[in-house]
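Heads up: the structure comes next, in structure tokens.
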Amino acid sequence: TTNDRRLRNRSQAVLMATRGRKHGEIAEDLLISPRTLQRWLNAYMERGLEGLKIQWAAGKPALIPEDLVPEVREWIEKGPAAYGYSRKRWTYAALAEQLEKTHGIRVSTTTMREFCHRHQVFPYRRSTYRFFTKEPKQAANG
214 TTNDRRLRNR SQAVLMATRG RKHGEIAEDL LISPRTLQRW LNAYMERGLE GLKIQWAAGK
274 PALIPEDLVP EVREWIEKGP AAYGYSRKRW TYAALAEQLE KTHGIRVSTT TMREFCHRHQ
334 VFPYRRSTYR FFTKEPKQAA NG
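Following the working numbering, the numbering of the sequence shown begins with 214 at its first residue and continues without gaps.
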């Protein structure tokens, strides 16, 4: 994987340096800058092999707090009419609007959709039953 390759390169850099290779040559061979090589060597000197491991940043915090999942589920169960919307089913846009109304959190439709999918919340999933406009046999024939 990418992490394995990066750790291997860092380890090789340390090994080459301890064997006396010039820093410029090591950097050139590994296609890195001399400054990057120096950072890797310093990290190894300070923390050993732990210093060579890839340190990932925590990332951007979620726009919609995870503890709102039960509330969003409740909105969906009660339906949009219970919250003043003149529609039968929720859309992700309407859920995003409801989130802004109740919590002041403004998100895009895409962000709301991703949040719902991540938590297996589906606002307009079809019911298990359907009303046919024609008899089932006629509907099958067209």
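Cβ coordinates follow ideal geometry from the N, Cα and C atoms, glycine included.
These numbers come from a predicted model, not from an experiment.
With three or more C-beta pairs closer than 8 Å as the rule, is the stretch 325-333 touching the stretch 285-305? yes
Can you tell me the Cα-Cα spacing of Glu238 and Gln268, whole angstroms? 26 Å
How many Å lie between Asp217 and Gly317 at the Cα? 43 Å
Should Leu250 go down as buried or exposed, given a rule of 16 or more other Cβ atoms within 10 Å for buried? buried
What is the rounded straight-line gap between the Cα of Asp280 and the Cα of Gly297? 24 Å
Give every residue of the same chain whose Cβ lies closer than 8 Å to the Cβ of Ser246, excluding the five residues on either side of it in the sequence, and list them in chain order. Ala240
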